[in-house]
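In short: position in the sequence shown from 1, add 30, done, that's the numbering used here. Positions of the beta carbon are idealized from the N, C-alpha and C atoms, including for glycine. A quick note: this is a predicted structure, and the numbers were derived from the prediction, not measured.
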Amino acid sequence: MRDGSDGAVRRYYAALLARWGAQHWWPAQSRFEVIVGAFLTQNTSWTNVEKAMRNLRRARKLSLDGVRSTPEPALAQLIRSSGYYQQKAHRLKRFVSWLDATHGSSLDRMFAQPTPILRAELLALHGVGPETADSILLYAGGHPVFVVDAYTRRVFERHRLVSRKAPYDELRALVEGSLVALGGELERGSEPMHPPSRMSRAPREELAQHFNEFHGLIVRTGKDFCGTKATCAGCPLEPFLPHR
């Protein structure tokens with residue numbers, strides 16, 4: 031990790047927020063919809079996830095009862111556009127079965143657990159890695175954890191904030207430790223990536239909201255500028271590139 035990386039993260043967050051403002055991520059109408067999206071977005075684009083979500087919504091299956099009552103092959107066909115659809119259908123069914131058995135089918139009871147305990151439980155589930163677990167914790171449960179994805183890694187590596195192939199938890203700890211020290215009101219732009227949704231407007235404690243905003247802004251940066259091939263001109267983070 032580069033010296034001063036924590037201060038750099040705060041500067042990056044301030045610059046992105048001033049440029050674009052709130053991104054209204056995660057676009058969903060319920061906590062369970064966020065959870066379903068967290069599974070479906072594995073190894074695919076959000077565009078493909080949205081198609082699968084529309085199919086579930088039209089079939090009235092985008093609920094705990096809907097997933098529980100739908101045979102796995104039929105569920106797989108509804109989410110076919112998300113790729114690896116048989117695997118993902120199995121994982122969704124397993125999650126609902128686990129929720130039923132462990133938390134009495136209650137998301138309230140599940141999310142009432144302390145963050146470290148619930149995170150460990152989620153990571154123990156088949157098909158749930160750190161990014162999926164943290165997406166569920168932050169965006170569905172309002173727990174103060176930062177979600178590290180491919181965009182985060184790409185931006186941080188190109189800016190030399192972390193070494194190549196740094197462990198997931200190193201990146202997560204860097205952001206979480208950096209944004210704890212935020213103070214005062216930050217300037218906000220007004221170019222959202224998504225329209226507001228019930229879940230993007232859900233009340234959260236301040237730190238969880240900062241993690242939410244920063245992750246959404248990093249996703250925007252990755253989509254607009256920091257793809258597989260970088261297009262740095264005009265990026266809000268261009269002034270912070272290490273060669274400048």
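Query                                                                                             : Result
Nearest-angstrom beta carbon gap, Ala238 and Leu168 [assumed within contact, 8 Å]                 : 6 Å
Ala260 (DSSP reduced to helix, strand or coil)                                                    : strand
Expected contact under 8 Å - CB spacing of Leu46 and Leu247 to nearest Å                          : 4 Å
Which of helix, strand or coil DSSP assigns to Leu247                                             : helix
Backbone secondary structure at Leu47 - three-state DSSP                                          : helix
Within-7 Å CB hit, Arg87 to chain C                                                               : No chain C appears in the structure shown, which is made up of a single protein chain.
C-beta atoms of Ala150 and Ile65 nearer than 7 Å                                                  : no
Whole-angstrom C-beta distance between Leu212 and His173, which should lie under 8 Å              : At roughly 18 Å, the Cβ-Cβ gap does not stay under 8 Å, so His173 and Leu212 are not in contact.
Of the residues Phe270, Ala131, Arg98, the one placed nearest Ala119, counting alpha carbons only : Arg98
Burial state of Pro57, where buried means 16 or more other Cβ atoms lie within 10 Å               : buried
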